[in-house]
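K.L.:
Its first residue numbered 0, the sequence shown is counted upward by one per residue in numbering that gives the first Met the number 0.
Quick one: structure below, then a few questions.
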Amino acid sequence: MLAVPAWAGTDLAHFTKYFRDETLRIDYDHTGNAAEEVVALDRVSRQGIYAGSRTRLVDDLELGRYYAEVYDAASGELLWSRGFDSYFGEWKTTSDAAAGVRRTYHESALVPFPRAPIDFAIEMRGDDYHLTEIFRVRIDPESWEIRRDALDDEVIVVEAAYGGDPHGCVDVAILGEGYTAAEDGKFRKDLAHFTEVLLGYEPYASYRRSINVRGVLAPSQERGCDEPSRGVYRNTRLGSTFDSLGSERYLLTEDNRAYRDVAAHVPYDALFIMVNHERYGGGGIYNFFNTFTSDNQWSDYVFLHEFGHHFAGLADEYYTSSTAYNDFYPRGVEPNERNITRLLDPKHPKWGNLVSKGVAVPTPWRKAEYDKKDVAYQNERHAINDRIAQLMRLGAPTDQVEEAKADGERLSRDHQDEVDAWFTTSPYAAKVGAFEGAGYMSTGMYRSQLDCMMFTKGMKPFCAACHRGIIEVIERYRE
């Protein structure tokens, strides 16, 4: 467990003593594979106001594979910390990383700007979930090496929703990606739509007066994003791409500096990248960034699902879909994510006080029947996606490509309708228990409810464990 100073979460004077109300952005490279990792400082910049809480400086949520920390150089006192995941953290769980292949990913930490020299450190969570320091560097706030870059005059900022002072609110930035200068109007329309999706959905709706949403657009030369397996490459501002980590639907960007430079135009705690595209896909990394596409039938769902990962550190509850990960959760260790559990102590489950009266733990739920349905769907989906990719790479006529895409969307909708109807026949529908199958694992991992925004597609409620986990994080930002 992370040691939390006695003053943490109580004293605004402590912030004023050690920090200015500005942001220190620390850029660094994260290199390695499954067995090794090295962090090296890139550059340090001074940016606008600090978006986070000025009283809740030390993060006690215990979420994320990594912790960024700020220590007073003179006394060694811990002044600030934040848990996070990263692109590298996901890379190290892949087969290539396990085979020894090294990759480098660029990352950033946004910390309050110090008044005096600090030590900035990064800790890594091991397989036993204990934190070990892997990097430390001293930073002098008076150094001439700290950059103060001018903002880009071509970047458009839109105030989509105002809840209050950034220090007492969740500050959400939605960056437009793959919108050309001529599509400024579409960006504004999409921004307004997804802002209302967020603020109209529980538990966010109950806290809408504590959430600020700002849109930021740096126009791209071309519309959309890269789709490498389909032979499509676009010149966009943030470098977003499907096929990330080898997963056709995984939409991320490796250009950390590009999106951080654009996001610097506003204060932010959470960061969306809204990709101007009609394809199904997205991605979410805790306290790093999350992505979604603007024009798919499932876009509203993906928007909220990925934000669950990015903002609240929620785990995926599905387990039949293919992923690039191997042993994403160490065996024999209880994950810190609030919505999944190893159920190492069935008599005292993680969300024990939420379990519905009379529901057994673990909870029987006709799992084999569901698995058969979903595996058959996944196989058919993969076949259609492969056909689309082949047609596009071969330059097939547009009508053939569009027909194949329509087949995929229709299959997705029909399957989800079937699954939703099937769930309603269960005696455990809307009940809280411990349902086996979660976190990419068919056995040995459990979720709190039969269905959830983090389990299957659609605008359905978050499960009880997710709902509570989201509120826990929102409250930290309101302090």
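Ideal Cβ placement from N, Cα and C applies to all residues, glycine included.
If you're wondering where the values come from, they're calculated on a predicted model, not measured in any experiment.
Helix, strand or coil: which one does DSSP assign to Leu-56?
P.N.:
Three-state result, Leu-56: coil.
K.L.:
When the distance is taken between beta carbons, is Pro-348 closer than 8 Å to Val-354?
P.N.:
Yes.
K.L.:
Which residues in the same chain as Asp-71 place their Cβ atom closer than 6 Å to its Cβ, once the five residues preceding and following it in sequence are excluded?
P.N.:
Counting only Cβ-Cβ distances below 6 Å, and skipping sequence neighbours, we find Leu-78.
K.L.:
With a threshold of 8 Å, are at least 3 pairs of Cβ atoms found where one atom belongs to the segment 143-157 and the other to the segment 352-368?
P.N.:
Judged by Cβ distances under 8 Å, the segment 143-157 makes no contact with the segment 352-368, as fewer than three pairs qualify.
K.L.:
By Cβ distance, which residues of its chain are closer than 7 Å to Leu-198, with the 5 residues on each side in sequence left out?
P.N.:
Contacts found: Ala-160, Ala-204, Arg-207 and Ile-210.
K.L.:
Shortest alpha-carbon distance to Asp-450 belongs to which of Ala-463, Gly-443 and Ser-441?
P.N.:
Comparing Cα positions, the closest option is Ala-463.
K.L.:
On the DSSP letters alone, give me the boundaries of the beta strand (DSSP E) that Ser-80 sits inside.
P.N.:
77-83 is the extent of the beta strand (DSSP E) around Ser-80.
K.L.:
For Gly-548, does the three-state DSSP call read helix, strand or coil?
P.N.:
The requested residue 548 is not part of the displayed model; the chain covers only 0 to 478.
K.L.:
Take every Cβ of the segment 401-414, pair it with every Cβ of the segment 303-315, and state whether three or more of those distances are shorter than 8 Å.
P.N.:
No, the segment 401-414 is not in contact with the segment 303-315.
K.L.:
Since Thr-235 and Glu-221 are thought to touch, with beta carbons under 8 Å apart, how far apart are those beta carbons, to the nearest angstrom?
P.N.:
So it is a contact: roughly 6 Å between Cβ atoms.
K.L.:
How many Å lie between Trp-6 and Val-110 at the Cα?
P.N.:
Caution is warranted here: a pLDDT of 45 is assigned to Trp-6, below 50, making its placement in the model unreliable, and no coordinate value can be reported.
K.L.:
In the structure shown, what three-state DSSP assignment does Thr-179 receive?
P.N.:
Note: Thr-179 maps to coil in three-state DSSP.
K.L.:
Within a Cβ cutoff of 6 Å, which residues of the same chain sit near Tyr-328, ignoring the five residues on either side of it in sequence?
P.N.:
Pro-334 and Gly-438, listed in sequence order.
K.L.:
Taking Cβ to Cβ, would you say Glu-106 is nearer than 8 Å to Tyr-66?
P.N.:
No, the pair does not count as a contact, with Cβ atoms beyond the cut-off.
K.L.:
Let me know the secondary structure DSSP gives Phe-241 once reduced to three states.
P.N.:
It is coil, neither helix nor strand.
K.L.:
Can you list, in chain order, the residues of its chain whose CB lies under 7 Å from that of Gly-230, leaving out five sequence neighbours each side?
P.N.:
Around Gly-230: Met-391 and Arg-392.
K.L.:
For Val-431, count neighbouring C-beta atoms within 10 Å of its own C-beta (all shown protein chains included) and say buried if the count is 16 or more, exposed if not.
P.N.:
Label assigned to Val-431: buried.
K.L.:
Is DSSP giving Val-472 helix, strand or coil here?
P.N.:
Residue state, collapsed to three classes: helix.
K.L.:
In the DSSP assignment, what residue or residues form a beta bridge with His-105?
P.N.:
DSSP output for His-105 lists Asp-28 as bridge partner(s).
K.L.:
Three Cβ pairs or more, each shorter than 8 Å: is that satisfied between the segment 132-143 and the segment 74-90?
P.N.:
No, the segment 132-143 does not touch the segment 74-90.
K.L.:
If distances are taken between C-alpha atoms only, which option among Tyr-318, Glu-305, Pro-460 and Ala-149 comes closest to Ile-173?
P.N.:
Of the candidates Tyr-318, Glu-305, Pro-460 and Ala-149, the one whose C-alpha sits nearest the C-alpha of Ile-173 is Glu-305.
K.L.:
Name the two residues that bound the continuous alpha helix (DSSP H) containing Tyr-17.
P.N.:
11-17 is the span of the alpha helix (DSSP H), which, as asked, contains Tyr-17.
K.L.:
Would Asn-338 pass as a contact of Met-444 if the rule is Cβ separation under 8 Å?
P.N.:
Going by C-beta atoms, Asn-338 is not nearer than 8 Å to Met-444.
K.L.:
Is Leu-11 buried or exposed, if buried means 16 or more other CB atoms sit within 10 Å of its CB?
P.N.:
The residue in question, Leu-11, is exposed, as its Cβ has fewer than 16 Cβ neighbours within 10 Å.
K.L.:
Might you give, ordered along the chain, the residues of its own chain that have their beta carbon closer than 6 Å to the beta carbon of Gly-99, omitting 5 neighbours on each side?
P.N.:
Excluding sequence neighbours, Gly-99 sits near Asn-32.
K.L.:
With distances taken from CA atoms, which of Thr-30, Ile-48, Glu-35 and Ala-34 is nearest Asp-41?
P.N.:
Comparing Cα-Cα distances from Asp-41 to each of Thr-30, Ile-48, Glu-35 and Ala-34, the minimum goes to Thr-30.
K.L.:
Assuming contact is defined by CB atoms lying nearer than 8 Å, are Arg-259 and Arg-467 in contact in what I supplied?
P.N.:
No; because the gap between Cβ atoms is not below 8 Å, this pair is not in contact.
K.L.:
Which same chain residues end up closer than 7 Å to Ala-180 when comparing Cβ atoms and leaving out the 5 residues on each side of it in sequence?
P.N.:
Cβ neighbours of Ala-180 beyond the five flanking positions: Pro-218.
K.L.:
With distances taken Cα to Cα, identify the nearest neighbour of Asn-275 among Phe-288, Leu-237 and Arg-475.
P.N.:
The residue with the shortest Cα to Cα distance from Asn-275 is Leu-237.
K.L.:
Using the C-alpha atoms, what's the distance from Val-171 back to Gly-162?
P.N.:
Each residue's Cα considered, the two are about 11 Å apart.
K.L.:
Would you report the Cα separation of Gly-54 and Ile-387, rounded to the nearest angstrom?
P.N.:
First, the amino acid is wrong: residue 54 is Thr here, not Gly. The alpha-carbon atoms of Thr-54 and Ile-387 are separated by roughly 52 Å.
K.L.:
Find the nearest neighbour of Tyr-27 within the set Asp-183, Phe-119, Cys-168 and Ala-420, judged by alpha-carbon distance.
P.N.:
Selected option, being the one with the closest Cα: Phe-119.
K.L.:
If you draw a straight line from the C-alpha of Ala-191 to the C-alpha of Phe-271, how long is it?
P.N.:
Rounded to whole angstroms, Ala-191 to Phe-271 spans 14 Å at the Cα level.
K.L.:
Can you tell me whether Asn-289 is buried or exposed? The criterion is at least 16 other CB atoms within 10 Å of its CB, across all chains shown.
P.N.:
Flag for Asn-289 reads buried.
K.L.:
Which same chain residues, not among the five before or five after Gly-214, have their C-beta less than 6 Å away from its C-beta?
P.N.:
The answer, listed in chain order, is Val-157, Ala-159, Ile-173 and Leu-190.
K.L.:
Leaving out five residues before and five after Phe-87 in sequence, what residues of the same chain have Cβ atoms less than 6 Å from its Cβ?
P.N.:
Contacts found: His-29 and Tyr-104.
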